[in-house]
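A.B. asks: Let me begin by handing over the structure; questions about it come next.
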Amino acid sequence: MSIRSDKVRLTLKKAVSEIIKVEHNFDVLVSVSDLDISPDLGNVKIYISVLGDISSKNEVIEELNGNSTNIKNYFPKYVKLRKMPSINFYIDETIENAEKMQKILDNLN
80 MSIRSDKVRL TLKKAVSEII KVEHNFDVLV SVSDLDISPD LGNVKIYISV
130 LGDISSKNEV IEELNGNSTN IKNYFPKYVK LRKMPSINFY IDETIENAEK
180 MQKILDNLN
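Numbered per the working numbering, the sequence shown spans residues 80 to 188.
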């Protein structure tokens, strides 16, 4: 990944976190855990951690994906890009996967 891509990734991660905090009022804790940017900076995958049950997670992702155009309109405030990337939100299941692995390891002992 280039230095430019890294800077854009970090800037967009902060921007999306702030936009979600200011523009969306969720009943659960929502945070941006990671962001993947394509080499041409045209596509962004945003991974969201949601503390809540599976229906809450799905609701958050549906709302964010439904409002992706509005969220994207805030990007020029944070970073200058030639073209606005398309963005998609995904549930980050890293914590759940780690817990499952830990349970498996605990059961082995």
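Think of the CB as a built atom: it goes at the ideal place given N, C-alpha and C, for glycine as much as any other residue.
Measuring alpha carbon to alpha carbon, tell me which of Ser-135, Asp-115, Asn-186 ends up nearest Asn-167.
C.D. replies: Here residue 167 refers to the residue found at position 88 of the sequence shown. Of the candidates Ser-135, Asp-115, Asn-186, the one whose C-alpha sits nearest the C-alpha of Asn-167 is Asp-115.
A.B. asks: What's the C-alpha gap between Asn-152 and Asn-186?
C.D. replies: Position 73 of the sequence shown holds residue 152. Position 107 of the sequence shown holds residue 186. Approximately 48 Å between the Cα atoms of the pair.
A.B. asks: Find the nearest neighbour of Val-139 within the set Lys-100, Ile-174, Val-158, judged by alpha-carbon distance.
C.D. replies: As a working mapping, residue 139 is identified with position 60 in the sequence shown. Comparing Cα positions, the closest option is Lys-100.
A.B. asks: From this set, Tyr-157, Pro-164, Ile-174, Lys-182, which residue's C-alpha is nearest Pro-118's C-alpha?
C.D. replies: Here residue 118 corresponds to residue number 39 of the sequence shown, with the count starting at 1. Per the Cα distances, Pro-164.
A.B. asks: Is it buried or exposed for Val-107, if we count other Cβ within 10 angstroms and need 16 for buried?
C.D. replies: Locating residue 107 in the sequence shown gives position 28, counting from the first residue. Result: exposed.
A.B. asks: Exposed or buried, which one is Lys-136 when buried takes at least 16 other CB atoms within 10 Å?
C.D. replies: For the purposes of this step, residue 136 is taken as residue 57 along the sequence shown, with counting starting at 1. Its Cβ being crowded by 16 or more others within 10 Å, Lys-136 is buried.
A.B. asks: Going by beta-carbon coordinates alone, are Lys-124 and Val-111 separated by less than 8 Å?
C.D. replies: Here the question's residue 124 lines up with position 45 in the sequence shown. Here the question's residue 111 lines up with position 32 in the sequence shown. Not closer than 8 Å, so no.
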